[in-house]
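Visitor: What follows is a single structure, and I will ask about it in a moment.
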Amino acid sequence: MIKSALVSVVSSLLVALAACSPAVTEGLGTLSDSTTDDAVGTSTSTSTSTSDTTVVPTTGEPTTGEVGPPPVDYVIIAADPLADAAAGFGEHRSAGGHTVALLRMSEILADGGDPVEAIRERLRGYHAARDPERPLFVLLVGDAEPGGSVDAGTVPLGEVVQVLEIEPPMAIPTDHLYADLDDDDLTDLAVGRIATNDPAAVTAALDKTIRHEQVRSLGPHNRRINMFASALGQGALVDSLVEKLVNTALDEIPYDFDITMTYGLQSSPYVYVPEQFSDKVVERFLEGSLMVTYIGHGSATSFPPLEWNGQLHPLLDADALADLAIAGRSPIVTLIACAMGSFAGAGDSVAAALLASANGPVAVLSSTETSYVYPNTIFIRELGLVMTAERPATVGEAFMRAKQRVMTQVDGFRAQIDNAFGLSLSDADMDALRRSHLHLYTLFGDPALIIGYPAPATVSVAPATAAPGGSVEVDILASGLADGQAHVTLETVRSKILGELVPVPPDDDPQRDAVIAANYEVANDKVVLGAEASLVDGAAQATLTLPADLPPGRYYVKVRADDGSAEAIGSVELGVND
12 MIKSALVSVV
22 SSLLVALAAC
32 SPAVTEGLGT
42 LSDSTTDDAV
52 GTSTSTSTST
62 SDTTVVPTTG
72 EPTTGEVGPP
82 PVDYVIIAAD
92 PLADAAAGFG
102 EHRSAGGHTV
112 ALLRMSEILA
122 DGGDPVEAIR
132 ERLRGYHAAR
142 DPERPLFVLL
152 VGDAEPGGSV
162 DAGTVPLGEV
172 VQVLEIEPPM
182 AIPTDHLYAD
192 LDDDDLTDLA
202 VGRIATNDPA
212 AVTAALDKTI
222 RHEQVRSLGP
232 HNRRINMFAS
242 ALGQGALVDS
252 LVEKLVNTAL
262 DEIPYDFDIT
272 MTYGLQSSPY
282 VYVPEQFSDK
292 VVERFLEGSL
302 MVTYIGHGSA
312 TSFPPLEWNG
322 QLHPLLDADA
332 LADLAIAGRS
342 PIVTLIACAM
352 GSFAGAGDSV
362 AAALLASANG
372 PVAVLSSTET
382 SYVYPNTIFI
392 RELGLVMTAE
402 RPATVGEAFM
412 RAKQRVMTQV
422 DGFRAQIDNA
432 FGLSLSDADM
442 DALRRSHLHL
452 YTLFGDPALI
462 IGYPAPATVS
472 VAPATAAPGG
482 SVEVDILASG
492 LADGQAHVTL
502 ETVRSKILGE
512 LVPVPPDDDP
522 QRDAVIAANY
532 EVANDKVVLG
542 AEASLVDGAA
552 QATLTLPADL
562 PPGRYYVKVR
572 ADDGSAEAIG
582 SVELGVND
């Protein structure tokens with residue numbers, strides 16, 4: 012009976028998330044109409060100039076001789092009408108030390124045959140000749156229509172077919188074929204796309220990228236992850252199962268980072284006033300953050316509604332995305348939902364609209380077609396760990412590592428996920444779903460985007476366990492920082508709510524909105540107490556006195572150190588015993 016119930020729950024869960032709601036500037040070389048790739052020397056190579064730049068071959072043979080740039084590590088493949096605008100990315104990356112090659116689609120098409128395979132063959136050459144100690148980045152600049160004609164004005168999508176025992180075959184338009192050069196499904200290089208036909212949109216994306224990398228303010232937004240989610244609408248049992256998995260994944264994220272949740276489920280303490288829910292999500296975007304993550308249902312152009320006592324309210328009004336003016340830090344957005352990065356149709360997808368917003372997110376990760384909760388759960392878990400624990404330098408490397416971990420990671424939580432979904436999925440289907448979702452998830456934006464984390468701070472606490480009412484000494488070392496302030500907090504684990512929640516009154520009660528808003532703040536506030544400490548040559552000490560009524564359990568001492576020009580973050584666990 013128990014197993015049958017679990018099978019029913021997991022089957023409902025699968026259906027729930029599978030059914031979705033309705034010329035180069037001087038100094039960079041020159042562009043040509045020939046079939047030769049343009050190679051751009053790095054700005055750090057003083058012996059290289061426009062006149063002696065060596066073209067890096069695409070045959071896999073390394074460049075020989077003393078004159079010439081290092082192997083190409085940044086490839087731009089641009090639709091011909093966008094090539095001049097795309098060259099701006101080449102300038103920017105060359106100035107940062109990359110060796111850049113720019114290819115027009117007319118050059119690719121001149122190779123003959125399947126244009127997708129022609130692009131892959133060019134990339135195989137660059138990959139074979141690369142410096143193995145450096146990642147290889149590929150930026151696709153141009154739009155595409157799944158199954159549509161390919162000409163010099165587009166950059167084509169690849170296609171794979173998802174074959175499952177539980178569903179009919181599904182064609183998946185994908186950029187992942189450009190990242191997987193040996194057809195083993197594992198990611199070999201970092202690929203991103205600016206999906207547009209408008210040169211001005213390419214320039215706007217470049218401007219946003221440069222601002223993100225070069226203009227950065229200090230503050231809590233640099234360690235903040237804002238999440239929002241829709242309800243599954245499959246009943247309390249299914250929703251609670253998803254919440255349990257999400258809570259487990261969130262607890263794995265290092266406590267160096269802050270996480271907020273805005274949840275479109277009426278019974279959740281993380282819900283906001285229904286008539287103002289979309290405004291609250293927009294507010295979370297606008298405050299700036301390292302990441303904004305959405306989990307739930309979706310379609311190419313919209314989010315599902317929030318249902319409140321039979322009335323429907325916008326979870327996030329897609330029309331608001333075009334006018335975002337984010338302060339502090341432009342986030343990397345992940346949309347863990349169906350088809351929000353779809354290439355099909357005349358209008359922009361949610362992912363494309365977010366990237367096109369001049370002051371909006373700087374990069375977006377999204378699925379191009381129907382996605383399933385099993386691989387979605389794995390992907391968001393692995394991406395979260397890569398972004399916050401491994402902390403690779405660029406968004407493309409983070410995306411690449413997360414995809415690699417989807418296929419290779421083995422641990423207790425992954426076994427827990429597999430065991431839960433194995434009640435309704437065969438091993439063959441679980442493997443097929445993991446592989447197909449590597450093709451579904453697409454990076455919109457520059458894969459070489461520098462993420463820019465706060466530096467790590469070392470935090471220690473003595474004693475490692477304490478009783479309520481006791482005191483602990485906190486030692487902080489932020490190497491590389493000078494004099495400033497250390498902001499210290501003691502916080503509960505993310506799945507716990509310490510404050511008092513008040514029952515929500517009926518809709519006609521004038522206090523209803525205030526109660527919902529207050530509960531939302533209480534649920535998201537994990538801080539037990541805070542303290543400030545003087546930072547001297549990157550070091551600080553603080554004493555924390557625990558509240559006498561603090562419940563026993565697991566807590567974290569969190570630190571953000573700031574000297575006015577740089578910052579560092581760290582955390583350490585503290586046990587509280589009776």
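Numbered according to the numbering used here, the sequence shown terminates at residue 589, and the numbering increases by one at each position without gaps. Each residue gets a CB set at the ideal place from its N, CA and C atoms; glycine is no exception.
(1) Note down, in chain order, each residue of its chain lying with its Cβ closer than 6 Å to the Cβ of D328, except the 5 sequence neighbours on either side.
(2) Does DSSP put G586 in a helix, in a strand, or in coil?
(3) Distance check for Y305 and N387, CA to CA, integer angstroms please.
(4) Could you check the C-alpha separation between H138 and D191 for me, to the nearest Å?
(5) Which value, in whole angstroms, describes the spacing of the CA atoms of E532 and I88?
(6) Can you tell me whether K255 is buried or exposed, with buried defined as 16 or more other CB within 10 angstroms of its CB?
(7) On the three-pair Cβ rule with 8 Å, is the stretch 365-384 touching the stretch 271-281?
(8) How is the alpha helix (DSSP H) around H450 delimited, first residue to last?
(9) Taking the runs of the alpha helix (DSSP H) that are 4 residues or longer, which of them lie wholly in the stretch 116-182?
(10) Report the rounded CA-to-CA distance for P403 versus S353, giving the unit in angstroms.
(11) How about L546 and D574: do their beta carbons lie closer than 8 Å?
(12) Measuring only from the beta carbon, is V538 closer than 7 Å to any heavy atom that is part of the ligand SAM?
(13) Can you name the start and end residues of the beta strand (DSSP E) that G203 belongs to?
(14) Compute the Euclidean distance between the alpha carbons of G549 and L365, then round it to the nearest angstrom.
(15) Taking the alpha carbon of G203 as the point to measure from, which residue in F455, L557 and V292 has its own alpha carbon closest?
(16) State the CB to CB distance for the pair G99 and T185, rounded to an integer number of angstroms; the pair is presumed to be in contact (CB under 8 Å).
(17) Quick one, are the C-beta atoms of A338 and L301 less than 8 Å apart?
(18) In chain order, what residues of the same chain lie with their CB nearer than 6 Å to the CB of M398, ignoring the 5 residues before and after it?
(19) Quick one: what does DSSP say L256 is sitting in, helix, strand or coil?
(20) Decide if D359 is buried, meaning its Cβ has at least 16 other Cβ atoms within 10 Å, or exposed.
(21) Taking contact to mean 3 or more Cβ pairs, one atom from each stretch, closer than 8 Å, check whether the stretch 234-246 and the stretch 316-327 are in contact.
(22) Buried or exposed, going by whether 16 or more other CB atoms sit within 10 Å of the CB of V587?
(23) Quick check on the burial criterion: 16 or more other C-beta atoms within 10 angstroms. Buried or exposed for V440?
(24) According to DSSP, is F410 helix, strand or coil?
(25) Quick one: residues in its chain with C-beta nearer than 8 Å to the C-beta of Q552, no 5 flanking neighbours on either side, listed in chain order?
(26) Leaving out five residues before and five after A182 in sequence, what residues of the same chain have Cβ atoms less than 7 Å from its Cβ?
(27) Report the three-state DSSP secondary structure of S251 (helix, strand or coil).
(28) Which value, in whole angstroms, describes the spacing of the CA atoms of V373 and P342?
(29) Tell me, which residues are paired with V384 by DSSP?
(30) Look at the alpha carbon of M411 and the alpha carbon of L150, and state the distance between them as a whole number of angstroms.
(31) Using DSSP with H/G/I as helix, E/B as strand and the rest coil, what is E224?
(32) Is A206 near A363, with beta carbons less than 8 Å apart?
(33) From L317 to M351, what does the alpha carbon distance come to, in whole angstroms?
(34) If C349 and S313 are in contact, beta carbons under 8 Å, what's the gap, nearest whole angstrom?
(35) Taking C-beta to C-beta, are A489 and A466 nearer than 8 Å?
(36) Assuming the contact rule is C-beta atoms closer than 8 Å, D267 and V504 should be a hit. Round their C-beta distance to whole Å, please.
Guide: Concretely, from the data shown:
(1) Its chain contains S289 as the residues whose beta carbon lies nearer than 6 Å to that of D328, once the 5 sequence neighbours on both sides are disregarded; these appear in chain order.
(2) In the three-state scheme derived from DSSP, where H, G and I count as helix and E and B as strand, G586 is classed as strand.
(3) Note on geometry: alpha-carbon atoms of N387 and Y305 lie some 11 Å from one another.
(4) When rounded, the distance between both Cα atoms is 11 Å.
(5) Each residue's alpha carbon lies about 46 Å from the other.
(6) Only exposed fits K255, as fewer than 16 other CB atoms lie within 10 angstroms of its CB.
(7) Flag = no, the stretch 365-384 and the stretch 271-281 do not touch.
(8) It spans D438 to L451 - the alpha helix (DSSP H) in which H450 sits, taken as one unbroken run.
(9) Runs of alpha helix (DSSP H) with 4 or more residues, each lying fully within the stretch 116-182, are found at 116-120 and 126-140, listed in chain order.
(10) Cα to Cα, P403 sits roughly 27 Å from S353.
(11) Their beta carbons are under 8 Å apart, which means L546 touches D574 by this criterion.
(12) The ligand SAM is not part of the structure shown, which contains no ligands of any sort.
(13) Segment A201 to I205, the beta strand (DSSP E) holding G203.
(14) Answer to the nearest angstrom: the Cα atoms are 38 Å apart.
(15) Comparing Cα-Cα distances from G203 to each of F455, L557 and V292, the minimum goes to F455.
(16) Here G99 is actually not in contact with T185; their C-beta atoms are around 26 Å apart, not less than 8 Å.
(17) Contact flag unset, no.
(18) The residues are A409.
(19) In the three-state scheme derived from DSSP, where H, G and I count as helix and E and B as strand, L256 is classed as helix.
(20) So D359 ends up on the buried side.
(21) The stretch 234-246 makes contact with the stretch 316-327, as at least three CB pairs between them are under 8 Å.
(22) Label assigned to V587: buried.
(23) Here the sequence assigns Asp to residue 440, which means Val is not the residue at that position. By the neighbour-count criterion, in which a residue is buried when 16 or more other Cβ atoms sit within 10 angstroms of its Cβ, D440 is buried.
(24) In the structure shown, F410 sits in a helix (DSSP, three-state: H, G or I).
(25) When the five nearest sequence neighbours on each side are left out, the beta carbons in the same chain lying within less than 8 Å of the beta carbon of Q552 are those of E484, V485, D486, I487 and A544, in order along the chain.
(26) In chain order, E170 and V172 place their CB closer than 7 Å to the CB of A182, counting only its own chain and leaving out the 5 sequence neighbours on each side.
(27) Helix at S251.
(28) Note on geometry: alpha-carbon atoms of V373 and P342 lie some 6 Å from one another.
(29) The secondary-structure analysis by DSSP pairs V384 with nothing; it has no beta-bridge partner.
(30) So the two alpha carbons sit approximately 14 Å from each other.
(31) Secondary structure of E224 (DSSP, three-state): helix.
(32) Yes. Within cutoff.
(33) Going by the C-alpha atoms only, they are around 18 Å apart.
(34) With 8 Å as the limit, C349 and S313 do not qualify as a contact, their Cβ atoms being about 11 Å apart.
(35) Yes, these two residues count as a Cβ contact at 8 Å.
(36) Their Cβ separation, rounded to whole angstroms, is 14 Å, which puts D267 and V504 out of contact at 8 Å.
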